[in-house]
Amino acid sequence: MKKQFFKRFLLLAAFIAIVSQEMFSQNWVEMMQDPDAQFEETVAAFEKWWGNRDVKNTKGTGYKQFQRWRHFMESRVSEDGRQSGQLRTLVEFHDYYRGKNLNNRSSAVTAQWSEVGPVNLPFNGTGQPNGVGRVSAIAFHPTETNTILVGSPAGGFIESNDYGNTWTNKSNALTRLGVSSIVVHPTNTNTIFIGTGDRDGGDAPGRGVWRSTDGGDNWHQWNSGMGNRTVYEILMHPGNPDIMIASANGRIYRTIDGGANWTATYSGVENFKDIAFKPGDPNIIYASSNDYFRSTDNGSSWTQITSGVPTGSSRIAIAVSPDNPEYVYLFAGTNSSFKGLYRSTNSGFSFTQRSNSPNILGYDTNGGSGSQAWYDLVALGDPNDVNHIIVGAINLWESFDGGTTWSIVSHWVGSGGNPAVHAD
Numbered sequence: 009m010k011k012q013f014f015k016r017f018l019l020l021a022a023f024i025a026i027v028s029q030e031m032f033s034q035n036w037v038e039m040m041q042d043p044d045a046q047f048e049e050t051v052a053a054f055e056k057w058w059g060n061r062d063v064k065n066t067k068g069t070g071y072k073q074f075q076r077w078r079h080f081m082e083s084r085v086s087e088d089g090r091q092s093g094q095l096r097t098l099v100e101f102h103d104y105y106r107g108k109n110l111n112n113r114s115s116a117v118t119a120q121w122s123e124v125g126p127v128n129l130p131f132n133g134t135g136q137p138n139g140v141g142r143v144s145a146i147a148f149h150p151t152e153t154n155t156i157l158v159g160s161p162a163g164g165f166i167e168s169n170d171y172g173n174t175w176t177n178k179s180n181a182l183t184r185l186g187v188s189s190i191v192v193h194p195t196n197t198n199t200i201f202i203g204t205g206d207r208d209g210g211d212a213p214g215r216g217v218w219r220s221t222d223g224g225d226n227w228h229q230w231n232s233g234m235g236n237r238t239v240y241e242i243l244m245h246p247g248n249p250d251i252m253i254a255s256a257n258g259r260i261y262r263t264i265d266g267g268a269n270w271t272a273t274y275s276g277v278e279n280f281k282d283i284a285f286k287p288g289d290p291n292i293i294y295a296s297s298n299d300y301f302r303s304t305d306n307g308s309s310w311t312q313i314t315s316g317v318p319t320g321s322s323r324i325a326i327a328v329s330p331d332n333p334e335y336v337y338l339f340a341g342t343n344s345s346f347k348g349l350y351r352s353t354n355s356g357f358s359f360t361q362r363s364n365s366p367n368i369l370g371y372d373t374n375g376g377s378g379s380q381a382w383y384d385l386v387a388l389g390d391p392n393d394v395n396h397i398i399v400g401a402i403n404l405w406e407s408f409d410g411g412t413t414w415s416i417v418s419h420w421v422g423s424g425g426n427p428a429v430h431a432d
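So, in structure tokens, the structure goes:
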């Protein structure tokens, strides 16, 4: 009897330890994204989660990304220790820039810059690619097929008018602006909206939604009712461009006047990093953080859906396909492994797991171990084949049978003869 009780006690203790680790894991990720969080408390939360693990074996743990953020942030905290110090500096700069007499600033902007590289993927001494920077948003001009719009986590808004051969930074006045989402008005194509901040690494603070009415040459904050939040995704109603939905840290917002005023239709602790319309029916919207939500009234209200949805995820990505609008895919992971690929056939009302192996969030060509789900996680449905799904984490994978089996598409260092695509 005592032995059975002791075994049960050990199992319970082990379960509590695992759950606690995942809770702390999610805690430090959310604290990184919160400008009002205390920097030292965020560091302490990460170190408690990390524990006594060997720093020589950090692949797929988020250790590198956190230390990069920590190094950047530690000299930029405010006097009271909050992580909003750099945001305050940016607000002061932009206020100064807007109020400055443009006729008296010619000496400050006469310098001409041209790109000198690297234009090819550089490799370090170990044969691993260093990368050329992150891209967090891509949009295409509705009528000019040669125009591509790109947002970077800290480099602002960049445009190409020749199919990507040359690029122009259109946000030089927006110091250290992160762009995580871009939408273009379908008829007034000079009107562009961007969601600001770095949704993945927290390297640039959010300042809500910004708008340009001259094709990106000049920008203005367009975030009344929203404030300085990191905006992860913006959806524009396909039939009424004055209606938009924006997902942010701890909020989902809706506007009915082209972004002049925003109303929070959901408030909580979740960071909603993915939202999607049901194809053909914009009244139904799906939203995900580490949980999953659904709206049936065009984002005016939200309901958490739990039927078949995994618990304990660090992040969930959404994929849909016009080929069958009833299907919704959830791509879920923790900070240590692949949680699973889940599919709904009833417009996101309930889900069934399709697979949870191999670990397509890992570093290896066969999956292996590790995950950076909090940092790099995306899913895309083929518009012409609902069973064809492409998912991105450290590597790119695809499935042709609705997420039951997987094949690797590219590898972060090109192992196994796969193309080299480095996610971060």
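Numbering-wise (my numbering), the sequence shown opens with residue 9 and increments by one. Ideal Cβ placement from N, Cα and C applies to all residues, glycine included.
Tell whether a beta-carbon distance below 8 angstroms holds between residue i and residue j.
i      : j      : result
Ser232 : Asn269 : yes
Phe280 : Tyr240 : yes
Gly258 : Gly276 : yes
Asp225 : Lys286 : no
Thr155 : Asn173 : no
Ala433 : Asp206 : Since the first residue shown for the chain is 9 and the last is 432, residue 433 is missing from the structure and cannot be characterised.
Tyr383 : Gly70  : yes
Ile242 : Gly209 : no
Asp211 : Gly186 : yes
Ser303 : Ile293 : yes
Gly288 : Ala327 : no
Asn35  : Ala53  : yes
Phe359 : Val394 : no
Ser188 : Ala147 : no
Ala387 : Ile397 : yes
Ser344 : Ser296 : no
Phe201 : Arg184 : no
For residue i and residue j, which I take to be in contact (beta-carbon distance under 8 angstroms), what is that distance rounded to the nearest angstrom?
i      : j      : result
Ala428 : Val421 : 6 angstroms
Thr273 : Gly307 : 6 angstroms
Tyr5   : Ile283 : Here the chain comprises residues numbered 9 to 432, so residue 5 is not present and cannot be evaluated.
His149 : Val192 : 6 angstroms
Arg237 : Gly266 : Contact doesn't hold; Cβ gap of about 19 angstroms is too wide.
Gly400 : Arg362 : In fact, because the Cβ distance is near 17 angstroms, the residues do not count as touching under 8 angstroms.
On the DSSP bridge list, what partners appear for residue i?
i      : result
Arg219 : Phe201 and His228
Asp289 : Lys286
Asn177 : Ile166
Ala147 : Leu157
Gln75  : DSSP output for Gln75 lists no bridge partner at all.
Tyr261 : Ala254 and Ala272
Ile398 : Leu388 and Glu406
Tyr294 : Ala284 and Arg302
Asn279 : Asn257
Glu241 : Ser255
Val328 : Val336
Ile190 : Ile202
His419 : Ala428
Arg90  : Gln46
Thr311 : Arg302
Arg323 : Gly341
Considering only residues of the same chain and omitting the five flanking positions on each side of residue i, which have a CB-CB separation below 6 angstroms?
i      : result
Trp414 : Ile368, Trp405 and Ser407
Ser377 : Gly370
His261 : The residue you asked about is not His; residue 261 is Tyr in the sequence shown. Result list for Tyr261: Met234, Ala254, Trp270 and Ala272, in chain order.
Met244 : Val191 and Met252
Ile166 : Val158, Trp175 and Asn177
Trp310 : Tyr274, Phe301 and Ser303
Thr412 : Arg362 and Ser363
Gly223 : Asn198
Ordered along the chain, which non-local residues of its own chain (more than five positions away) have a Cβ less than 7 angstroms from that of residue i?
i      : result
Ser321 : Asn298, Ala340, Gly341, Thr342 and Lys347
Asp305 : Asn291
Lys108 : Confidence is the limiting factor: at Lys108 the pLDDT is only 45, short of 50, which leaves the residue's position unreliable and the question unanswerable from this model.
Asn111 : Its pLDDT being 42, under 50, Asn111 is placed unreliably in this model, and the value from its coordinates should be taken loosely. For Asn111, where only same-chain residues beyond five positions count, there are no Cβ hits under 7 angstroms.
Thr221 : Asn198 and Thr199
Pro391 : Ser329, Pro330 and Asp331
Gly424 : Thr373
Glu334 : Thr353, Asn354 and Ser355
Gly216 : Thr204, Gln229, Asn231, Met234, Gly235, Asn236, Arg237 and Val239
Pro194 : Pro150 and Pro249
Val37  : Ser322 and Trp382
Excluding the five sequence neighbours on either side, which residues of its own chain have a C-beta within less than 8 angstroms of the C-beta of residue i, listed in chain order?
i      : result
Trp77  : Met40, Gly209, Gly210 and Asp211
Ser446 : Since the first and last residues shown for the chain are 9 and 432, residue 446 lies out of range.
Phe74  : Trp36, Met40 and Phe54
Using a Cβ cut-off of 8 angstroms (strictly closer), state whether residue i contacts chain C.
i      : result
His245 : Of the chains in the structure shown, none is chain C; there is only one protein chain.
Using 7 angstroms as the cut-off, classify the Cβ of residue i as near or not near the heavy atoms of the ligand ZN, replying yes or no.
i      : result
Thr197 : The ligand content of the structure shown is nil, which means the ligand ZN is not present either.
If you scan the stretch 336–394 from start to end, which runs of the alpha helix (DSSP H) of 4 or more residues do you find wholly inside it? Along the stretch 336–394, the alpha helix (DSSP H) does not occur as any fully enclosed run of 4 or more residues.
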